[in-house]
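All you need for our numbering is the position in the sequence shown, starting with 1, plus 3. The beta carbon of each residue, even a glycine, is placed where N, CA and C say it ideally should be. Computed from a predicted model, the values in this text were never measured in an experiment.
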Amino acid sequence: MFLPVERCWICDGRSLRRFHESGLDFQAYATQDPGLHAYTGHRVWLVRCAACGHGQPEKLPTLPRFFDRMYDQQWDQAWVEDEFEGRSKDFIFQGILRALKRRAGSSPRRLLDIGAHAGRFMSLAQQDGWTVEGIELNARTAACAARRTGAPVHQVNVHALGAGGHRYSAVTLTDVLEHVPEPLSVLNAIADIVEPGGSIGVKVPHGRVQELKERALESLTSHHVSLAENLVHVNHFSVKSLELALERAGFGRVVVGPGSPELLPVSSRRLHGVLANGLRLSVWAAARIPGGVYSPLALNLQAFATKPVESAR
Ligand SMILES: [Zn+2]
4 MFLPVERCWI CDGRSLRRFH ESGLDFQAYA TQDPGLHAYT GHRVWLVRCA
54 ACGHGQPEKL PTLPRFFDRM YDQQWDQAWV EDEFEGRSKD FIFQGILRAL
104 KRRAGSSPRR LLDIGAHAGR FMSLAQQDGW TVEGIELNAR TAACAARRTG
154 APVHQVNVHA LGAGGHRYSA VTLTDVLEHV PEPLSVLNAI ADIVEPGGSI
204 GVKVPHGRVQ ELKERALESL TSHHVSLAEN LVHVNHFSVK SLELALERAG
254 FGRVVVGPGS PELLPVSSRR LHGVLANGLR LSVWAAARIP GGVYSPLALN
304 LQAFATKPVE SAR
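What follows is the structure, encoded as structure tokens:
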């Protein structure tokens, strides 16, 4: 039911040490997908590469389209609409748009958001002057994103989009790359669809720091260390592995900093919300001091990189 993963997906290192054992539970899929359901009860170790610090599973399920099947959620329509209206990630999204704008210079501003979800970021990018497209594999969120933005939302992977000749001056992946096995394959495909001089923005959880946070919470509360049960997160990036992944895909001018926090909505500004937002912003600001990205204050990583103009691709 599994195939071993023997090398680091980022640097090909073979020195991989176990750090957390994760359980699989697909009881909810008993009738929808018996093949997926059969993995319930199995356990998978996560291992960390001694060379680049990247975390990944020790083995992967052999069930065809395992991850697509896992993400085939039949989301409620009202929930999807709320996801579009929700503002909790706007601070993150606005920061990404500012950084891309700084890199874009005078090049054409065509942006592809991979994992577009309900289309919130696409919509904000449109308001910022970008011509947008999205990739979203879930039919319900893809339909919402297309309807709310009036823009193309492709229900194919990035490899297929590239083969179709589509090209962009910027590509974004926000909270997406941690879900994708063999991330270099995706980054290589993205490098093919980014125009020379174009940019990529990638936000992921900071693997080691998320682990520390979960362990701290577990020691203080009833929180149970999950570290992405069910292989929801297959990549646990370090600063080095994220940097290296972008470089190996052919990108230059790679910068990795702390990712901006999600903020509670202004409308629920009770004291709790104000304090929680204040704390998150303080931690993020502290992580922005030089070297802070390597500290436990950087809960998320935000990388930007640019495809060289003289790129061979
Ligand atoms: Zn490695």
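Three-state class that DSSP yields for Thr144 in the structure shown = One-based indexing of the sequence shown puts residue 144 at position 141. It is helical.
In terms of alpha-carbon separation, which member of Glu88, Met4, Cys52, Trp82 lies closest to Gly44?
-> Here residue 44 is taken as the residue at index 41 of the sequence shown, counted from 1. Checking every option, the nearest Cα to that of Gly44 belongs to Met4.
For Leu274 and Val189, the rounded distance between their alpha carbons | Position 186 of the sequence shown, counted from the start, is the residue given in the question as residue 189. Position 271 of the sequence shown, counted from the start, is the residue given in the question as residue 274. Computed Cα separation, rounded: 42 Å.
Contact the region 254-268 vs the region 300-307: 3+ CB pairs below 8 Å = Cβ pair count under 8 Å is three or more, so yes.
From Pro67 to Pro37, what distance separates their C-alpha atoms?
-> Position 64 of the sequence shown, counted from the first residue, corresponds to residue 67. Position 34 of the sequence shown, counted from the first residue, corresponds to residue 37. Rounded to the nearest angstrom, the two C-alpha atoms are 13 Å apart.
Distance, Cα to Cα, Trp133 vs Arg112?
-> Taking the first residue of the sequence shown as 1, we reach residue 133 at position 130. Taking the first residue of the sequence shown as 1, we reach residue 112 at position 109. Between Trp133 and Arg112, the C-alpha separation is close to 5 Å.
If you measure from the CB of His209, is any heavy atom of ligand 3 nearer than 7 Å?
-> Absence of ligand 3 from the depicted structure is noted, with ligand 1 being the only ligands included.
Taking 8 Å as the threshold, find out whether the region 118-131 comes into contact with the region 205-212 through three or more Cβ pairs.
-> No, they do not touch.
For Gly16, verify whether its CB is less than 7 Å away from any heavy atom of ligand 1.
-> Position 13 of the sequence shown, counted from the start, is the residue given in the question as residue 16. Checking the Cβ of Gly16 against ligand 1 gives yes.
Among all the DSSP beta bridges, which residues are the ones paired with Ile136?
-> Position 133 of the sequence shown, counted from the start, is the residue given in the question as residue 136. A small fix is needed here, since residue 136 is Glu in this sequence, not Ile. The partner list for Glu136 (beta bridge, DSSP) reads Leu115.
Determine the closest residue to Asp28 out of Ala128, Glu232, Leu176, with distance taken between C-alpha atoms.
-> Start at 1 with the first residue of the sequence shown, and residue 28 comes out as number 25. When each option's Cα is compared against that of Asp28, the closest is Glu232.
Classification of Val47 by the beta-carbon crowding that lies within 10 angstroms, buried from 16 upward | Within the sequence shown, numbered from 1, the residue matching residue 47 stands at position 44. Buried: at least 16 other Cβ atoms inside 10 Å.
Run the proximity test for His57: is its beta-carbon closer than 7 Å to any non-hydrogen atom belonging to ligand 1?
-> On the sequence shown, residue 57 is found 54 positions in, with the first residue counted as 1. His57: yes, Cβ under 7 Å from ligand 1.
Thinking just about the alpha-carbon of each residue, which of Asp75, Gly294, Ala54 is nearest to the one in Gln158?
-> For the purposes of this step, residue 158 is identified with residue 155 of the sequence shown, where counting begins at 1. Closest by alpha carbon: Asp75.
Relative to the C-alpha of Tyr14, which residue among Pro155, Ser244, Leu284 is closest?
-> As a working note, residue 14 is residue 11 in the sequence shown. The amino acid occupying residue 14 in the given sequence is Cys; Tyr does not appear at that position. The residue with the shortest Cα to Cα distance from Cys14 is Ser244.
Identify which residue in Gln59, Glu250, Val179 has its Cα closest to the Cα of Leu140.
-> Reading the sequence shown from its first residue, position 137 is the one you call residue 140. Of the candidates Gln59, Glu250, Val179, Val179 places its Cα closest to the Cα of Leu140.
When Leu164, Gly58, Glu86 are compared against Arg143, the one with the closest alpha-carbon | Within the sequence shown, numbered from 1, the residue matching residue 143 stands at position 140. Taking only the C-alpha atoms, the option nearest Arg143 is Glu86.
Pick from Met73, Trp287, Glu136, Phe254: whose alpha carbon is nearest that of Leu164?
-> The count along the sequence shown starts at 1 and reaches residue 164 at position 161. Measuring from the Cα of Leu164, the nearest candidate turns out to be Glu136.
Say yes only if the C-beta of Cys147 is nearer than 7 Å to one or more non-hydrogen atoms of ligand 1, and no if none qualify.
-> Against the sequence shown, residue 147 aligns to sequence position 144. Annotation for Cys147 indicates a beta carbon at 7 Å or more from all heavy atoms of ligand 1.
Does the Cβ of Ser244 lie closer than 7 Å to at least one heavy atom of ligand 1?
-> Residue numbering aside, residue 244 sits at position 241 when the sequence shown is read from its first letter. It does: the Cβ of Ser244 is within 7 Å (strictly closer) of some heavy atom of ligand 1.
If you run the structure through DSSP and keep just helix, strand and coil, what is Ala219?
-> Locating residue 219 in the sequence shown gives position 216, counting from the first residue. Correct three-state label for Ala219: helix.
Check: Ile193 C-beta below 7 Å from any heavy atom of ligand 1 | Stepping through the sequence shown from its first residue, residue 193 is reached at position 190. Checking every heavy atom of ligand 1 against the Cβ of Ile193, none is found closer than 7 Å.
Mind checking who Trp48 pairs with in its DSSP beta bridge?
-> Position 45 of the sequence shown, counted from the start, is the residue given in the question as residue 48. The partner list for Trp48 (beta bridge, DSSP) reads Glu24.
For Leu19, which three-state DSSP category applies?
-> For the purposes of this step, residue 19 is taken as the residue at position 16 of the sequence shown. If DSSP states are grouped into helix, strand and coil, Leu19 belongs with the strands.
Measuring from the CB of Ile117, is there a heavy atom of ligand 1 at a distance below 7 Å?
-> Start at 1 with the first residue of the sequence shown, and residue 117 comes out as number 114. No.
How should Pro64 be labelled, buried or exposed, when 16 other C-beta atoms within 10 angstroms of its C-beta is the threshold for buried?
-> Counted from its first residue, the sequence shown places residue 64 at position 61. Looking at its Cβ environment, which holds 16 or more other Cβ atoms inside 10 Å, Pro64 is buried.
Start-to-end residues for the beta strand (DSSP E) that takes in Ser188 | Within the sequence shown, residue 188 is the residue found at index 185, counting from 1. Not the beta strand (DSSP E): Ser188 falls in the alpha helix (DSSP H), residues 186-196.
Glu250 to Leu187, Cα distance in whole Å?
-> Position 247 of the sequence shown, counted from the start, is the residue given in the question as residue 250. Position 184 of the sequence shown, counted from the start, is the residue given in the question as residue 187. Computed Cα separation, rounded: 10 Å.
C-alpha gap between Ala252 and Gly201, whole angstroms = Here residue 252 refers to the residue found at position 249 when the sequence shown is read from its first residue. Here residue 201 refers to the residue found at position 198 when the sequence shown is read from its first residue. Distance between the alpha carbons of Ala252 and Gly201 is about 14 Å.
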